[in-house]
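Working notes, beginning with the structure itself.
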Amino acid sequence: MAEWEGIYTIWFREAKRYVRYRSRILSSVVTPLLWLLIFGTGLGSAIRFGNVAGGYKAFIFPGIIGQTILFTAIFSGVSVIMDRQYGFLKEIMVAPVSRPSIVFGKALGIGTAAIIQGVILLLLSFVVGVHMTPVIFIASFLLMIPISVGLGGVGLLIAIFTDSMEGFNLIMSFIVLPMFLLSGALFPVTGLPSFLQVAVYLDPLTYGVDALRQVILGYGALPLYVSTIVVVGFALLTITLSATLFSKKEQNLM
Amino acid sequence: MNVNEKNLFEGAIMDYIIETHDISKTYGDFTAVDKINLKIPRNSVYGVLGPNGAGKTTLISMLCTILHPSSGSATVNGYDVMKNSKEVRKSIGVVFQSRALDDILTGREHLEMHAALYGVPNELRKERIEEVLNLIALGDKADEFTKTYSGGMKRRLEIGRGLIHHPKILFLDEPTLGLDPQTRENIWEYIQELNQKEDITVLMSTHYMEEADKLCDEVAIINRGHIITSDSPKNLKRELKADIITMKVDDQEKFIKEAEKLDFIKNIMTVDSEIKMMVESGENLVATLVNFANKNNIIVNSIELEHPNLEDVFINYTGTRIIEGAK
Chain A
1 MAEWEGIYTI WFREAKRYVR YRSRILSSVV TPLLWLLIFG TGLGSAIRFG NVAGGYKAFI
61 FPGIIGQTIL FTAIFSGVSV IMDRQYGFLK EIMVAPVSRP SIVFGKALGI GTAAIIQGVI
121 LLLLSFVVGV HMTPVIFIAS FLLMIPISVG LGGVGLLIAI FTDSMEGFNL IMSFIVLPMF
181 LLSGALFPVT GLPSFLQVAV YLDPLTYGVD ALRQVILGYG ALPLYVSTIV VVGFALLTIT
241 LSATLFSKKE QNLM
Chain B
255 MNVNEKNLFE GAIMDYIIET HDISKTYGDF TAVDKINLKI PRNSVYGVLG PNGAGKTTLI
315 SMLCTILHPS SGSATVNGYD VMKNSKEVRK SIGVVFQSRA LDDILTGREH LEMHAALYGV
375 PNELRKERIE EVLNLIALGD KADEFTKTYS GGMKRRLEIG RGLIHHPKIL FLDEPTLGLD
435 PQTRENIWEY IQELNQKEDI TVLMSTHYME EADKLCDEVA IINRGHIITS DSPKNLKREL
495 KADIITMKVD DQEKFIKEAE KLDFIKNIMT VDSEIKMMVE SGENLVATLV NFANKNNIIV
555 NSIELEHPNL EDVFINYTGT RIIEGAK
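Protein chains in written order, with the numbering used here: chain A, 1 to 254; chain B, 255 to 581.
Below, the structure written as structure tokens:
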């Protein structure tokens with residue numbers, strides 16, 4: 001019982017923080033819109049892109065949702081580093097709450113923030129001419145849960161191994177951007193040179209984007225059940241891993 | 255009320271709420287805490303006094319379970335810090351040396367969050383939070399974000415937060431570090447009141463002598479990971495046997511000649527036009543010296559008694575001043 005309370009409390013704080021940083025919410029809505037409207041329209045006019053309704057803009061729409069979730073989740077996960085620097089982590093660590101509960105609470109909080117971002121984008125689907133139905137909306141929403149939690153887990157793992165925000169640029173260049181670019185958010189993942197093909201399929205976000213594309217646009221590179229299993233499996237893996245490491249490395253987190 | 259009186263009232267033999275046995279913490283070659291043995295009486299205010307880098311924070315971190323000892327053991331409220339860390343955490347409130355607040359939560363939210371994390375029953379929470387808010391006197395600021403708080407308010411909030419779950423022991427790591435003298439005095443009063451009103455033991459670390467002297471029933475002086483000595487501040491100072499009595503008399507030469515025969519004076523000297531005498535337990539001797547002067551027809555113009563402070567105790571044991579002691 002007490003552990004649930006702990007998870008809830010940590011989730012609640014995370015959610016409050018998210019809602020209170022209005023500038024962050026605003027910028028994380030504007031950034032994907034810029035991608036869709038400028039990059040999507042620009043490149044869409046320069047290339048002939050299949051027979052997809054809505055063209056290239058519509059094609060990258062699920063990819064940009066994936067990107068938004070990726071950025072929100074990783075940066076929220078990395079906020080643990082800030083908690084550590086500002087000392088607030090100690091207050092949580094010295095409470096009679098188990099380490100895994102702290103990680104679950106955090107991951108759920110991160111997931112919540114990322115899902116809110118994703119939902120805002122889903123509601124803006126008309127901008128790129130994607131037809132949205134209640135079924136598509138609910139199915140996308142459900143898919144976003146494991147995608148957000150899994151990427152939040154990546155953020156937490158990064159935070160466990162990084163002790164200051166100085167490593168932030170490294171995280172951007174070596175983790176976040178490659179994950180985004182390799183995910184097939186901006187181009188179809190079929191028919192690529194084989195070295196790139198391998199890299200693409202090693203990127204967990206590929207499966208999230210592909211599943212979202214299946215649900216929203218009705219086509220993708222992999223069967224929906226395969227990408228869903230990978231996405232859920234990845235979420236379970238990163239959360240279990242960060243809960244274990246968090247407990248193990250708690251000494252280094254102070 | 256001092257420790258002995260309290261225990262007399264309780265009719266109990268000495269009862270220790272924290273005990274450590276050769277507790278140590280090493281980082282590679284560096285020993286931060288070296289086989290420390292502490293016994294902290296229940297309901298006392300116990301001070302760990304020492305320069306920066308002496309190992310105070312490391313010691314407290316081990317007792318509040320966020321650092322594992324490299325060797326040795328400790329019990330807090332009867333629970334082993336390694337084996338029963340959850341029970342230990344439930345028994346204690348901790349105020350860390352560095353701030354541990356979230357700048358975009360309000361004071362009240364910090365208290366609510368803490369109450370939930372420590373499993374304070376729902377029906378009690380409101381009452382406890384009000385109780386603490388009254389105590390720490392945040393006033394209207396309770397519902398503002400903590401980034402708008404002054405240093406003293408932040409500290410009071412942190413201390414109040416540590417009390418929400420009615421801990422048996424409150425750890426305060428350098429509670430007044432970086433605060434202005436006025437706020438420091440307020441926090442001192444607050445800690446004293448708390449200790450008198452509540453059934454609570456306070457373990458605090460500090461490098462301010464004055465603080466330890468004023469607040470603590472007992473003090474352990476620590477330097478380079480070792481406990482140098484521990485006792486009540488009063489006894490520690492008395493052990494130095496170095497009260498100084500300064501006198502001004504009309505006939506200095508005669509007084510000194512006569513006074514040299516007194517065996518309670520360990521040293522006598524003249525500084526400018528004053529006579530300085532090193533004695534033990536000076537408060538009992540002031541009257542004696544005045545009477546002695548009168549008997550010898552010497553007129554006393556002034557007499558003054560100075561006690562040594564804890565700084566002198568520290569210097570006596572380590573040969574350095576506490577501020578420089580770290581290196």
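Virtual Cβ for every residue (Gly too), placed ideally from N, Cα, C.
is_contact[residue i, chain A] using C-beta, thresh 7 Å
i	result
Gly406 of chain B	no
Val302 of chain B	no
Gly307 of chain B	no
Ala369 of chain B	no
Cys318 of chain B	yes
Lys344 of chain B	yes
Val348 of chain B	yes
Lys340 of chain B	yes
Gly373 of chain B	yes
Ile358 of chain B	yes
Asn563 of chain B	no
Spatial distance of residue i from residue j (CA atoms)
i	j	result
Ile120 of chain A	Thr72 of chain A	13 Å
Val103 of chain A	Ile239 of chain A	8 Å
Val94 of chain A	Phe180 of chain A	36 Å
Ile557 of chain B	Asn297 of chain B	39 Å
Ala580 of chain B	Gly77 of chain A	In this prediction, Ala580 of chain B scores a pLDDT of 40, lower than 50, which makes its location untrustworthy; no coordinate-derived value is stated.
Thr133 of chain A	Ile64 of chain A	19 Å
Gly44 of chain A	Tyr201 of chain A	25 Å
Ala58 of chain A	Ser125 of chain A	9 Å
Asp283 of chain B	Ser327 of chain B	20 Å
Ser28 of chain A	Arg22 of chain A	10 Å
Which of helix, strand or coil DSSP assigns to residue i
i	result
His420 of chain B	coil
Gly129 of chain A	coil
Leu559 of chain B	strand
Ser327 of chain B	strand
Val374 of chain B	coil
Val540 of chain B	helix
Val30 of chain A	helix
Tyr571 of chain B	helix
Thr162 of chain A	coil
Glu472 of chain B	strand
Phe399 of chain B	strand
Ile115 of chain A	helix
Thr280 of chain B	strand
Ile358 of chain B	coil
Start-to-end residues for the alpha helix (DSSP H) that takes in residue i
i	result
Thr238 of chain A	224–248
Tyr444 of chain B	435–451
Asp83 of chain A	55–85
Met463 of chain B	463–469
Asp210 of chain A	204–217
Val342 of chain B	339–345
Lys488 of chain B	487–493
Met258 of chain A	Residue 258 of chain A falls outside the range modelled here, since chain A spans only 1 to 254, and no answer is possible.
Glu3 of chain A	2–20
C-beta neighbour in chain B for residue i, strict 7 Å
i	result
Met165 of chain A	no
Glu5 of chain A	yes
Ala95 of chain A	yes
Phe88 of chain A	yes
Glu14 of chain A	no
Ala243 of chain A	no
Thr9 of chain A	yes
Distance CB(residue i)-CB(residue j) smaller than 7 Å
i	j	result
Gly111 of chain A	Ser79 of chain A	no
Glu560 of chain B	Ile498 of chain B	yes
Val287 of chain B	Thr312 of chain B	yes
Thr360 of chain B	Ser339 of chain B	no
Val215 of chain A	Ser140 of chain A	yes
Glu534 of chain B	Lys495 of chain B	yes
Ile74 of chain A	Val176 of chain A	yes
Val299 of chain B	Val456 of chain B	yes
Thr460 of chain B	Glu439 of chain B	no
Val503 of chain B	Ile552 of chain B	yes
Leu424 of chain B	Ile383 of chain B	no
Residue i, enclosing beta strand (DSSP E) - first and last residue
i	result
Leu457 of chain B	455–460
Leu303 of chain B	299–303
Glu507 of chain B	Glu507 of chain B -> not in any beta strand (DSSP E); alpha helix (DSSP H) instead, spanning 506–513.
Lys293 of chain B	293–295
Glu528 of chain B	528–533
Distance cut-off 6 Å: residue i Cβ against heavy atoms of the ligand ZN
i	result
His275 of chain B	As far as ligands go, the structure on display features none, and thus does not contain the ligand ZN.
Proximity test, Cβ basis, 7 Å: residue i and chain E
i	result
Ala354 of chain B	Looking for chain E here will not work: the only protein chains present are A and B.
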